[in-house]
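Student: Residue numbers (the numbering used here): 602 to 1598.
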Amino acid sequence: MTPGRRSSTFTRLLRHGFTDASAAERLLDSAELAAVRDDPVLLEALGATADPDLALHGLVRLLEAQPGHTARRELVDTLIAAKPLRDRLLGVLGASAALADHLARHPRDWEALVTYEPRDLHPGVAEFERGLAGAADPVALRVAYRRCLLSIAARDVCGTTDVAQTAAELADLATATLRAALALAEAAAPGDAAACRLAVIAMGKCGGHELNYVSDVDVIFVGEAAEGADEAKALRSATKLASHMMRICSETTVEGSIWPVDANLRPEGRNGPLVRTLSSHLAYYQRWAKTWEFQALLKARPVAGDPDLGQEYVAALEPMVWKVADRDNFVADVQKMRRRVVENIPAAEVDRELKLGPGGLRDVEFAVQLLQLVHGRTDATLRSGTTLDALQALAAGGYVGRADAVQLDDAYRFLRSMEHRIQLYRLRRTHLVPEDQADLRRLGRSLGLRTEPVTELIREWKQHTGVVRRLHEKLFYRPLLDAVAQLAPGETRLSAEAARERLEALGYADPAAALRHLEALASGVTRKAAIQRTLLPVLLGWFADSADPDAGLLNFRKVSDALGKTPWYLRLLRDEGAAAENLARVLSAGRLAPDLLMRAPEAVALLGDGDGDNLEPRGRAQLEQEILAAVGRADNAEDGVRAARGVRRRELFRTAAADIVDSYGTDTKPVEPDQGALVDRVGGAVSDLTAATLAGTLRAVVRDGWGDTLPTRFVMIGMGRFGGHELGYGSDADVLFVHEPREGVAEREAADAANKVVAEMRRLLQIPSADPPLLVDADLRPEGKSGPLVRTLKSYEAYYRRWSLVWESQALLRAEPVAGDEDLGRRFIELVDPLRYPVEGLGEDAVREIRRLKARMESERLPRGADPKLHTKLGPGGLSDVEWTVQLLQLRHGWAEPGLRTTRTRQALAAACAAGLLGAEEAAILDEAWVLATRVRNAVMLVRGRAGDTFPTVSRELAAVGRYLGYGDGHAGDMLDAYRRTTRRARAVVEELFYGA
């Protein structure tokens, strides 16, 4: 061969899409193709395939496998002369190495591709049954199956059939194969066949008439006794037949396997009997079946065995399928199952998952099935097991917008085509997009992308998954807006009844009110209404993911009414990725956060992305600086405190919003796994905010009454949860007031000034206004309510030296200066340190006294009628148990262990563990119980808008507390059980450590 000739051929091969032109030249020079190596028809045909190199290699193997020269010549002549065969055969060889292997093993099967008559274009079950008819054993059945599969693949790669028709043909071939396998099983055991009636019900993609090239074929078996036969024996016979049929299809022979037959969708799954009677199936579905099992029955279709029994099965169960949407938490159950599927995908594969990944095939299928189950109750046109047919029916009925349906149809077809071609290559069950460039190139070319196959494939794939991700949630909610908005002529509107059904299925308790809110928000032709129509479909889904969707929607309407005329509000929700979802979570999580927001709706701006830390709590120094500056600008004390309370309200909202978002999680931010970190963040933020508010109020009152300097030095000492940096949303501020007359000031004048300051501070912080009050509680002072409200440092010293009781030493463990004169605060702490950390620890009498006080508190202070086991403060294993146990360790060992000298419960507990005063397991048990009880209290305040120490009794409020704690709808009982279990373990530790049991 001359160099010029070689160069010319080499270039032609590259131009026709070969990647290894040298290898292709060698194959074309082989004896089998020598006569046609330069035929442009052959090169053009090879160049039109998905992988010309693979097609040429397969063709040479097929020619080599022919039984003789005559057979080879026949194949080559037919290939060159008959374009239909050429396109079909080379198309298959260029797309499927597995079918090339089959042809090499069965070299005359290429003849199955020669005929090209109208009846061959769209074969059905009958045609496939004829194709399998000669198979007398499992091996022959596999060969015949592959021969039929060859013809399906040929029509597919040549574009004779589209992806939906190909999937239907694959399902029809599976039907014919199941019938043939059952016939073989019955022939092997005629006695068993005579004793029973057996029906095979196809499920999943086979049942839905939309099968893949390689997929498990899901089935359910129904058996009955033949006339006159014993039922138990008949079921054993039916089970033998069913098992044999499954083995015929699933087992690997010299010809490989067909596909696994999977019966795990049957009642009780793998733990249930393989074959049941119809009455047994009915009993299970009536009593025990879960939502997903009825969803699976959408695709049930009799395919083999006794046809009458199969039809009886479908007729009996169909009414149950269309009632499943009436179940409590129906939508939540379906969506939860979808989320669980995504969560179980290995992280390394999630971005390559065509079927199960976000924006994948399953998203379309779940959305369509959800709509079918909700609206198919009253509209029989929706009752199709085939995804694309059902989607078309949903669009025709107005249940899905037509444009959305077209986009989803296109995306689903493209993704299914990708899935088909990926599986066709090796005939292996996979849904992963390959990573190898050669595989991606072949895949892209097989889909008609020829210019830059890999680049174009990735772009189109991502574009279609993006469409699915954007639409699959909106698909459910968009028509609700169309039901109340102005539609373009010709568009079909969701009926009021259908909209009500859908809202009820989503968990809205008052769908009529919800529709009114939607109408108010989305009606009209203004730009504002247009943006709302874009936002609401997604917001409705987020509201539905809460325990109180109605409240979420109502609160959104209120905020939108308040901010509707501000230009930034809707723009923030539309353009800032996190803002809309954060707002939806906050508005539907309970009363507290929406109430705080309604008093100053502009705080919505905190929910935007910003620089990523808008919801991070601000530090005490920053808060104090802002509040003192606001007080400094005010004309009088009342205005100054009003400004301070306004900052407090905004920051309470910031803290509550961050807590809700971290507890619920969002699409972009997972749930915070460290529950202790959530508790510490809230406790620290609210405590810092309270301290800053008190500092600002003190400055305002002093400036208004005395100018720059009060006649006496004055400090507030935080006590209880305030001193421990553990305040909750509804906590009072426990404090002690300490003063010390300035030089030259009479004690009476100083005391009067200090008492006036305290009285005015408490008054201003509780004046009714749009801002929540801050209650300042001084009941932990010496002599309690009977003692003076304010004392000098010397008075405290005298009292503690002569009269102090052990409970006061215990209370002082939490003492920490929070506002006022820093030097006076430091000297107060120096005064009380010997009391709270007594040298050599507590004596036995003092320990007994603390235990006696604790026991009396448990018996006397628990509210009448309260369930002790669910009381977060005083119940066994609750806050009081853990805190008193930790404080007893501090009183006994704080003098010797510096780590115990802290006002914070969790820090002290960790220090006690590090010092060996309790074991790591015991410390973890106490910490878990304390964190859980604190979270429950915070949840109750967020949900009800008022403080409480017990779980709510109203079911919707209880569900909202559960949602905050990570429990889905319908799992409030699990939450209560978990709380009892956690606190029971903690109580056992308390009995040992505190009571010495």
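Heads up, the beta-carbon is just placed ideally off N, CA and C, and yes, glycines get one too.
On the three-state DSSP scale, how would you describe I849?
Tutor: Taking the sequence shown and counting its residues from 1, one reaches residue 849 at position 248. Residue state for I849 is assigned as helix, using DSSP reduced to three classes.
Student: What is the rounded straight-line gap between the Cα of E1498 and the Cα of L1594?
Tutor: As a working note, residue 1498 is residue 897 in the sequence shown. As a working note, residue 1594 is residue 993 in the sequence shown. Their Cα atoms are separated by approximately 18 Å.
Student: Here's the rule: buried if 16 or more other CB atoms are within 10 angstroms of the residue's CB, otherwise exposed. What is W1404?
Tutor: Taking the sequence shown and counting its residues from 1, the one referred to as residue 1404 is at position 803. By the 10 Å Cβ count, W1404 comes out exposed.
Student: What is the C-beta distance between I1023 and L1044, in whole angstroms, given that I count them as a contact (C-beta under 8 Å)?
Tutor: Within the sequence shown, residue 1023 is the residue found at index 422, counting from 1. Within the sequence shown, residue 1044 is the residue found at index 443, counting from 1. Going by Cβ atoms, the distance from I1023 to L1044 rounds to 6 Å, so yes, they are a contact pair.
Student: Counting C-beta neighbours from all protein chains within 10 Å, is the total for L899 16 or more, i.e. buried, or is it exposed?
Tutor: Position 298 of the sequence shown holds residue 899. Buried is the call here.
Student: For the candidate residues Q896, E832, V815 and E1203, whose alpha-carbon lies nearest to that of S554?
Tutor: The chain is shown only over 602 to 1598; residue 554 falls outside these bounds and no answer can be derived.
Student: Exposed or buried, which one is L1406 when buried takes at least 16 other CB atoms within 10 Å?
Tutor: For the purposes of this step, residue 1406 is taken as residue 805 along the sequence shown, with counting starting at 1. By the 10 Å Cβ count, L1406 comes out exposed.
Student: By DSSP's criteria, L1375 is part of a beta bridge. Which residues make up the other side?
Tutor: Walking along the sequence shown from the start, residue 1375 turns up at place 774. Looking at the DSSP assignment, L1375 forms no beta bridge with any residue, so it has no partner.
Student: Put E825 into one of helix, strand or coil per three-state DSSP.
Tutor: Along the sequence shown, one-based indexing puts residue 825 at 224. Correct three-state label for E825: strand.
Student: Take the Cβ of T1310 as the centre, count every other Cβ of all protein chains shown within 10 Å, and call the residue buried at 16 or more, exposed below.
Tutor: Translated into the one-based positions of the sequence shown, residue 1310 becomes position 709. Burial call: exposed.
Student: Please report how far the alpha carbon of R1249 lies from the alpha carbon of L1480, in whole angstroms.
Tutor: Here residue 1249 refers to the residue found at position 648 of the sequence shown. Here residue 1480 refers to the residue found at position 879 of the sequence shown. Between R1249 and L1480, the C-alpha separation is close to 26 Å.
Student: On the CB-based measure, 16 or more other CB atoms within 10 Å of its CB, does G1211 come out buried or exposed?
Tutor: Here the question's residue 1211 lines up with position 610 in the sequence shown. For G1211, the predicted structure reports a pLDDT of 48, less than 50, and the residue's modelled location is therefore unreliable. The matter cannot be settled from this model.
Student: Which residue marks the beginning of the alpha helix (DSSP H) containing T1583, and which one marks its end?
Tutor: Taking the sequence shown and counting its residues from 1, the one referred to as residue 1583 is at position 982. Where T1583 is concerned, the enclosing alpha helix (DSSP H) stretches over A1573 to L1594.
Student: What does the Cβ neighbour count give for A968, buried or exposed, with the cut at 16 atoms within 10 Å?
Tutor: Here residue 968 is taken as the residue at index 367 of the sequence shown, counted from 1. So A968 ends up on the buried side.
Student: Cα separation between K1166 and E1203?
Tutor: Taking the sequence shown and counting its residues from 1, one reaches residue 1166 at position 565. Taking the sequence shown and counting its residues from 1, one reaches residue 1203 at position 602. K1166 and E1203 have their alpha carbons spaced roughly 12 Å apart.
Student: Taking only the alpha-carbon atoms, compute the straight-line gap between M1317 and L1390 and give it to the nearest angstrom.
Tutor: In the sequence shown, counting from the first residue as 1, residue 1317 sits at position 716. In the sequence shown, counting from the first residue as 1, residue 1390 sits at position 789. Distance between the alpha carbons of M1317 and L1390: 12 Å.
Student: If you draw a straight line from the alpha carbon of A1589 to that of D1482, how long is it in whole angstroms?
Tutor: The residue given as residue 1589 occupies position 988 in the sequence shown. The residue given as residue 1482 occupies position 881 in the sequence shown. In a straight line, the C-alpha of A1589 is about 10 Å away from that of D1482.
Student: What would DSSP say about V1440, mapped onto helix, strand or coil?
Tutor: Locating residue 1440 in the sequence shown gives position 839, counting from the first residue. If DSSP states are grouped into helix, strand and coil, V1440 belongs with coil.
Student: Between the region 1134 to 1147 and the region 1172 to 1191, do at least 3 Cβ pairs fall closer than 8 Å?
Tutor: yes
Student: Report back the beta-carbon spacing between A1293 and E1225 to the nearest angstrom; my notes put them in contact at under 8 Å.
Tutor: Here residue 1293 corresponds to residue number 692 of the sequence shown, with the count starting at 1. Here residue 1225 corresponds to residue number 624 of the sequence shown, with the count starting at 1. Between A1293 and E1225 a beta carbon distance of about 4 Å is seen, short of the 8 Å cut, so the two are scored as contacting.
Student: Please classify A916: does DSSP put it in a helix, a strand, or coil?
Tutor: On the sequence shown, residue 916 is found 315 positions in, with the first residue counted as 1. Correct three-state label for A916: helix.
Student: Given R1300, which residues of its chain have a CB within under 7 Å of its CB, disregarding the five upstream and five downstream residues?
Tutor: Within the sequence shown, the letter at position 699 stands for residue 1300. Counting only Cβ-Cβ distances below 7 Å, and skipping sequence neighbours, we find L1229 and V1232.
Student: Counting Cβ pairs, one atom from each stretch, are 3 or more of them under 8 Å apart for the region 1441 to 1451 and the region 1483 to 1496?
Tutor: yes
Student: State the CB to CB distance for the pair A1573 and A1560, rounded to an integer number of angstroms; the pair is presumed to be in contact (CB under 8 Å).
Tutor: As a working mapping, residue 1573 is identified with position 972 in the sequence shown. As a working mapping, residue 1560 is identified with position 959 in the sequence shown. 6 Å between Cβ atoms; contact.
Student: Take the Cβ of D1528 as the centre, count every other Cβ of all protein chains shown within 10 Å, and call the residue buried at 16 or more, exposed below.
Tutor: Start at 1 with the first residue of the sequence shown, and residue 1528 comes out as number 927. Classification for D1528: buried.
Student: Taking all protein chains shown into account, decide if T1269 is buried (16 or more other Cβ within 10 angstroms of its Cβ) or exposed.
Tutor: Along the sequence shown, one-based indexing puts residue 1269 at 668. That one is exposed.
Student: Assuming R1382 contacts L1337 under a Cβ cut-off of 8 Å, what Cβ separation, rounded to an integer in Å, is found between them?
Tutor: The sequence position of residue 1382 within the sequence shown is 781, counting from 1. The sequence position of residue 1337 within the sequence shown is 736, counting from 1. The Cβ separation is near 5 Å, so the contact holds.
Student: Is the region 780 to 796 touching the region 813 to 831, taking contact as three or more C-beta pairs under 8 Å?
Tutor: yes
Student: Could you pull the DSSP bridge partners for G1220 from this structure?
Tutor: Counting from one through the sequence shown, the residue named residue 1220 turns up at place 619. According to DSSP, G1220 bridges with nothing at all.
Student: Rounded to whole angstroms, what is the Cα-Cα separation between A1379 and K1386?
Tutor: Counted from its first residue, the sequence shown places residue 1379 at position 778. Counted from its first residue, the sequence shown places residue 1386 at position 785. Straight-line Cα distance between these residues: approximately 8 Å.
Student: Closest to Q1038 by CA distance: which of R1046, T1031 and V1555 is it?
Tutor: Here the question's residue 1038 lines up with position 437 in the sequence shown. Q1038 has its Cα closest to that of R1046, out of R1046, T1031 and V1555.
Student: Are three or more beta carbon pairs between the region 1007 to 1019 and the region 756 to 769 nearer than 8 Å?
Tutor: yes
Student: Distance, Cα to Cα, E894 vs F822?
Tutor: The residue given as residue 894 occupies position 293 in the sequence shown. The residue given as residue 822 occupies position 221 in the sequence shown. Each residue's Cα considered, the two are about 15 Å apart.
Student: So if DSSP puts V1336 in a beta bridge, which residue, or which two residues, is it bridged to?
Tutor: Locating residue 1336 in the sequence shown gives position 735, counting from the first residue. The bridge partners DSSP lists for V1336 are G1319.
Student: From L1025 to T1554, what distance separates their C-alpha atoms?
Tutor: Taking the first residue of the sequence shown as 1, we reach residue 1025 at position 424. Taking the first residue of the sequence shown as 1, we reach residue 1554 at position 953. So the alpha carbons of these two residues sit roughly 58 Å apart.
Student: Rounded C-beta distance between A624 and D654? I'm assuming under 8 Å.
Tutor: Locating residue 624 in the sequence shown gives position 23, where the first residue counts as 1. Locating residue 654 in the sequence shown gives position 53, where the first residue counts as 1. Indeed, because the Cβ distance is near 7 Å, the residues count as touching under 8 Å.
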